[in-house]
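Q: Before anything else, here's the structure in question.
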Amino acid sequence: MTAAADQPVLDPPDIRVRPRSVHRAARHGHTVPEREWSPLGTLDSGVIGRVDGAGSVQLDGARWSLDWWIGAEDRWHHPSREASVRQRCVGGSPVVETAVRVPGGDVVSRSYAVQAHAGDWRGTAVVVEVENRTAVPVALAFVARPWVLDGPGALGSVSSEGSTVTLDDGRRVLLARDPARTVVDTGDRVAARLDAGDDDHGPAGATSEKDDLEAAFIVPLTHTAVARVLLPVGAGSGDAVPTGPWSAPDLDAVVAGWSAHRRAGTGGGEPSVSLPEPDWDDALEWAGSVLRVAGPDEVGSCLDRHRRVPNGPSAAVRSAEVTEALARLSAPDASVPVARGLAEALRLGGEVRLGDRTDGTVALLHAVGAVLAGQTDPDSEVAQEFVSPAAVAIRRLRKGRGLAADDDVTGLRSSAVRALGRVAAALDRLGQPEVAADARSVANVLAAAASAVWTAASGTGPDASGAEPGVRSPLETALAARSALRRGDGAVALANLRSAWSGRVGSGRSDAEIRPSEDGPEHPVGVLGFDVAELAARTNALIDLLVADGPEGPALLTAWDQTWAGQPIEAHHLPSAWGPTSFAVRWHGDRPALLWEVDPGGGDEPVLTAVGLDPTWVGRGPEGEGLLEAPKVESVVQIRTGGIRRRGSSG
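According to numbering that gives the first Met the number 0, numbering within the sequence shown proceeds without interruption in unit steps and concludes at 650.
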């Protein structure tokens with residue numbers, strides 16, 4: 000798979016300071032930027048900006064970016080060029096921390112979105128704070144640059160008064176205190192002037208007809224000191240203009256707030272896991288936060304016919320993965336606007352026309368199921384708004400529409416079965432038994448069709464990407480993991496899951512990759528710098544492995560790796576159609592003891608399985624424990640692919 004033809008081709012950079020995406024491409028011998036960044040935003044605002052792998056920040060719609068350079072005792076360090084750069088998320092939240100090694104230790108930048116106050120202004124903003132963890136003082140430059148994160152931008156005017164910097168698009172950069180020195184110049188002169196100690200005192204002011212201004216605002220940073228800057232978004236409330244001094248929640252408050260949001264959807268317990276796999280412990284926490292911010296925007300992009308089409312699976316698959324992940328993470332706060340947007344896109348014939356002309360019916364069902372999951376009053380505004388679109392979507396699938404011929408390969412047909420099950424349960428609670436029964440009937444037909452595909456494939460199943468082996472995007476890798484779990488190929492599923500998650504918590508993924516060349520490895524260069532659908536798919540795959548929805552209760556540990564034998568495993572408050580589910584594995588010699596707890600919130604007694612550990616084991620009841628048989632080496636089990644039935648029914 001190659002980069003899109005309309006992507007800008009950039010001249011290879013020399014010693015000049017360029018965005019990390021440009022530097023990385025040049026280092027690997029490519030001219031197309033290697034886009035990779037993480038979204039910044041709040042639950043109320045959605046995505047308002049992004050931060051790249053070197054800590055540079057760009058607000059949505061801005062033609063400039065804010066960089067940070069460190070003046071250490073040896074030289075000025077530019078994170079976009081430094082090999083010592085490391086990045087991670089903080090506390091499972093969309094707070095991105097970037098560390099750069101300089102003589103004496105690390106200097107660390109953190110970027111996150113907040114609701115802030117700046118004079119009379121109130122609104123959403125990005126905070127960038129930099130901490131000196133070295134043993135000696137350093138100089139810090141906040142640099143407004145005529146570059147966006149993946150190529151040339153524009154900056155035509157810069158002026159400052161005290162700690163307030165105004166740029167040519169009317170946006171402001173608010174420092175926490177007045178800068179000690181400034182350097183404003185055109186072209187690539189600012190870095191050279193800093194190297195030479197050629198700086199100024201007092202306010203800055205300059206214009207350029209070529210829109211190539213660059214402005215550095217330098218503050219001293221002593222040992223353990225933290226410097227902060229605020230990037231307000233929009234005009235805020237009323238006619239107020241953001242001015243200093245400003246205030247915003249600190250890092251600890253932001254991280255604690257995200258933890259509270261994740262707990263809110265699972266009965267007061269935050270989803271968490273403890274597994275013998277690197278990164279997986281942090282995976283669900285971070286994914287749950289980021290998808291709440293970026294998921295609704297991604298579905299909106301799938302609806303946009305003017306969107307620059309990403310490589311790989313269709314908008315129908317992308318939107319279904321995102322809406323299912325939001326449903327499984329119990330995020331009704333994010334699912335309501337998504338369901339509303341998809342419902343508004345319904346056409347007279349029931350089609351949800353997405354931007355690439357594929358059908359978003361499955362995505363609509365996932366979103367509506369998530370919104371209706373906690374509803375019990377049929378007369379509530381939410382029920383009145385979303386029951387009718389659900390019925391239209393169910394009727395469309397019953398007529399054989401809404402799914403394409405290749406949707407067995409992409410997994411969209413199986414996704415529809417899961418969405419119908421969630422919607423049917425919600426409709427029962429809302430006093431709509433006929434529509435719920437219709438949903439189950441359609442689900443049973445689709446499930447039988449999906450099972451026939453895996454049976455015909457003799458247990459090998461098609462690749463979820465539809466691509467040749469070894470030629471797939473990260474999104475297709477995540478879909479392949481889900482595909483392998485459905486057909487019971489645990490080894491393939493785990494290999495794809497490890498590929499999807501290894502080292503990826505807290506950083507973005509590209510939606511396409513350059514293939515390996517003769518002179519080096521492959522490198523991501525996709526249309527997207529962060530693929531929200533890919534994050535949703537690998538999140539769904541990880542949840543599939545830990546807790547899937549069986550026909551009568553949660554299916555735990557649907558695949559197993561022998562390297563996990565003898566090691567403790569725990570999962571707490573994982574979402575399932577049967578309620579928040581927790582379990583733990585302890586060992587008695589080579590036999591696993593499984594302890595579980597399900598909060599079904601009423602309804603029938605759940606029936607649990609753990610086919611990865613012991614295909615013969617069955618557990619009953621909302622809580623209990625059982626001693627299972629020792630896992631068989633290299634055993635392959637088939638996850639039951641059946642229909643759904645109403646709780647309490649006998650058939």
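Glycine residues also receive a C-beta, built at the ideal position from the N, C-alpha and C atoms.
Every value quoted in this text rests on a predicted model; they were computed, and no experiment measured them.
(1) Here's a check: name, in chain order, each residue in its chain whose Cβ is nearer than 6 Å to the Cβ of valine 101, leaving out the five neighbours to either side.
(2) Over what stretch of residues does the beta strand (DSSP E) that includes asparagine 131 continue unbroken?
(3) Is the CB-CB distance between proline 231 and arginine 171 below 7 Å?
(4) Going by other Cβ atoms of all chains shown within 10 Å of its Cβ, with 16 needed for buried, is valine 125 buried or exposed?
(5) Would you say arginine 74 reaches chain D, if we count a Cβ-Cβ gap shorter than 7 Å as a contact?
(6) Give me the residue from Arg485, Ala369, Ala195, Gly401 with the minimum Cα distance to alanine 330.
(7) In whole angstroms, what is the alpha-carbon distance linking valine 335 and lysine 398?
(8) How is proline 244 classed by DSSP in three states: helix, strand or coil?
(9) Who are the Cβ neighbours of valine 272 in its own chain at under 7 Å, not counting the five residues just before and after it?
(10) May I ask you to report which of helix, strand or coil DSSP gives leucine 230?
(11) Identify which residue in Ser414, Ser159, Val157, Ala479 has its Cα closest to the Cα of leucine 496.
(12) For alanine 668, which three-state DSSP category applies?
(13) So, for glycine 90: in the same chain, excluding its five sequence neighbours on each side, which residues have a beta-carbon less than 6 Å away from its beta-carbon?
(14) Along the alpha helix (DSSP H) that carries glutamine 383, what are the first and last residues, could you check?
(15) By a C-beta neighbour count over all protein chains shown, 10 Å radius and 16 as the cutoff for buried, is proline 432 buried or exposed?
(16) Alpha carbon to alpha carbon, what distance is there between alanine 344 and histidine 305?
(17) In angstroms with no decimal places, state the Cα-to-Cα distance between leucine 541 and alanine 535.
(18) In the structure shown, what three-state DSSP assignment does glutamate 467 receive?
(19) Does the distance from the CB of aspartate 723 to the CB of leucine 493 come in under 7 Å?
(20) Can you tell me the Cα-Cα spacing of alanine 362 and aspartate 198, whole angstroms?
(21) Is it buried or exposed, serine 207, if we count other Cβ atoms within 10 angstroms and call 16 or more buried?
(22) Excluding the 5 residues flanking alanine 117 on each side, which residues of the same chain have their C-beta closer than 7 Å to its C-beta?
(23) Below 8 Å on the Cβ atoms is my contact criterion, and I expect valine 391 with glycine 359 to pass it. Report the Cβ-Cβ distance as a whole number of Å.
(24) Mapping DSSP to helix, strand and coil, what is threonine 718?
(25) Considering Cα atoms alone, identify which of Leu290, Phe582, Val610 is closest to glutamate 624.
(26) Please classify aspartate 613 as buried or exposed, where buried requires at least 16 neighbouring CB atoms within 10 angstroms.
(27) According to DSSP, which residues form a beta bridge with glutamate 160?
(28) How would you label leucine 250, buried or exposed, when you count the other beta carbons within 10 angstroms and need 16 or more for buried?
(29) Kindly list the residues whose CB is nearer than 6 Å to the CB of alanine 293, restricted to its own chain and excluding five residues on each side of it in sequence; keep chain order.
(30) What is the DSSP secondary structure of aspartate 462, reduced to helix, strand or coil?
(31) Measure the CB-CB distance between glycine 410 and arginine 481 and report whether it falls below 7 Å.
(32) Exposed or buried, which one is threonine 97 when buried takes at least 16 other CB atoms within 10 Å?
(33) Can you pull the DSSP bridge partners for isoleucine 69?
(34) Who are valine 617's beta bridge partners in DSSP?
(35) Suppose you measure from the CA of serine 414 to the CA of glycine 401; what does that come to, to the nearest Å?
(36) Within 10 angstroms of the Cβ of glycine 186, are there 16 or more other Cβ atoms? Answer buried if so, exposed if not.
A: In terms of the structure at hand:
(1) Numbered from 1 along the sequence shown, position 102 holds the residue referred to as residue 101. Taken in chain order, the residues that qualify are Ile69, Ala71, His76.
(2) Counted from its first residue, the sequence shown places residue 131 at position 132. Element bounds for asparagine 131: 120-131.
(3) Walking along the sequence shown from the start, residue 231 turns up at place 232. Walking along the sequence shown from the start, residue 171 turns up at place 172. Yes; because the gap between Cβ atoms is below 7 Å, this pair is in contact.
(4) In the sequence shown, residue 125 corresponds to position 126, counting from 1. When all chains shown are included, valine 125 counts as buried.
(5) You won't find chain D in this structure, because it holds only one protein chain.
(6) Position 331 of the sequence shown, counted from the start, is the residue given in the question as residue 330. Ranking Arg485, Ala369, Ala195, Gly401 by Cα distance to alanine 330 puts Ala369 first.
(7) One-based indexing of the sequence shown puts residue 335 at position 336. One-based indexing of the sequence shown puts residue 398 at position 399. C-alpha separation (whole angstroms): 27 Å.
(8) Counted from its first residue, the sequence shown places residue 244 at position 245. DSSP places proline 244 in coil when its eight states are reduced to three.
(9) Taking the sequence shown and counting its residues from 1, one reaches residue 272 at position 273. Correct list, in chain order: Trp279, Asp280, Leu283, Leu545, Glu569, Ala570.
(10) Your numbering for residue 230 matches position 231 in the sequence shown. Strand at leucine 230.
(11) One-based indexing of the sequence shown puts residue 496 at position 497. The shortest C-alpha separation from leucine 496 is found at Ala479.
(12) No answer is possible for residue 668: the residues shown for the chain start at 0 and end at 650.
(13) Translated into the one-based positions of the sequence shown, residue 90 becomes position 91. Cβ within range, chain order: Val254.
(14) If you number the sequence shown from 1, residue 383 lands on position 384. 380-397 is the span of the alpha helix (DSSP H), which, as asked, contains glutamine 383.
(15) If you number the sequence shown from 1, residue 432 lands on position 433. Per the 10 Å Cβ criterion, exposed.
(16) For the purposes of this step, residue 305 is identified with residue 306 of the sequence shown, where counting begins at 1. For the purposes of this step, residue 344 is identified with residue 345 of the sequence shown, where counting begins at 1. When rounded, the distance between both Cα atoms is 15 Å.
(17) One-based indexing of the sequence shown puts residue 541 at position 542. One-based indexing of the sequence shown puts residue 535 at position 536. So the two alpha carbons sit approximately 10 Å from each other.
(18) Here residue 467 is taken as the residue at index 468 of the sequence shown, counted from 1. Unreliable positioning characterises glutamate 467 in this predicted model, as indicated by a pLDDT of 39, which lies under 50. A coordinate reading is not provided.
(19) This structure cannot speak to residue 723, because the chain is shown only from 0 to 650.
(20) For the purposes of this step, residue 362 is taken as the residue at position 363 of the sequence shown. For the purposes of this step, residue 198 is taken as the residue at position 199 of the sequence shown. Those two C-alpha atoms are separated by around 55 Å.
(21) On the sequence shown, residue 207 is found 208 positions in, with the first residue counted as 1. Buried, by the Cβ-count rule.
(22) As a first step, residue 117 is located in the sequence shown; it is residue number 118 there, counting from the start. So the list reads Leu173, Leu229, Pro231, Pro241, Thr242, Gly243, Trp245, once near-sequence residues are dropped.
(23) Counting from 1 along the sequence shown, the entry for residue 391 is found at position 392. Counting from 1 along the sequence shown, the entry for residue 359 is found at position 360. That pair is no contact at about 12 Å.
(24) As shown, the chain starts at 0 and ends at 650. That puts residue 718 outside it, with no answer to give.
(25) Here residue 624 refers to the residue found at position 625 when the sequence shown is read from its first residue. The residue with the shortest Cα to Cα distance from glutamate 624 is Phe582.
(26) For this step, residue 613 is matched to residue 614 along the sequence shown. Flag for aspartate 613 reads buried.
(27) The residue given as residue 160 occupies position 161 in the sequence shown. According to DSSP, which records beta bridges pairwise, glutamate 160 is partnered with Thr163.
(28) The count along the sequence shown starts at 1 and reaches residue 250 at position 251. It is buried - the Cβ of leucine 250 has at least 16 other Cβ atoms within 10 Å.
(29) Residue 293 sits at position 294 when you count from the first residue of the sequence shown. Pro38, Val46, Val531.
(30) Numbered from 1 along the sequence shown, position 463 holds the residue referred to as residue 462. Low confidence applies here, because aspartate 462 scores a pLDDT of 46, under 50, leaving its location unreliable; read the following figure in that light. Note: aspartate 462 maps to coil in three-state DSSP.
(31) Against the sequence shown, residue 410 aligns to sequence position 411. Against the sequence shown, residue 481 aligns to sequence position 482. Result yes, Cβ atoms of glycine 410 and arginine 481 sit closer than 7 Å.
(32) Translated into positions along the sequence shown, residue 97 becomes position 98. Counting Cβ neighbours within 10 Å, threonine 97 comes out buried, since at least 16 surround it.
(33) Here residue 69 is taken as the residue at index 70 of the sequence shown, counted from 1. For isoleucine 69, which the question treats as bridged, DSSP gives the partners His76, Leu139.
(34) As a working note, residue 617 is residue 618 in the sequence shown. BP columns for valine 617 point to Thr608.
(35) As a position in the sequence shown, residue 414 is number 415, starting the count at 1. As a position in the sequence shown, residue 401 is number 402, starting the count at 1. Computed Cα separation, rounded: 12 Å.
(36) Here residue 186 corresponds to residue number 187 of the sequence shown, with the count starting at 1. Exposed, by the Cβ-count rule.
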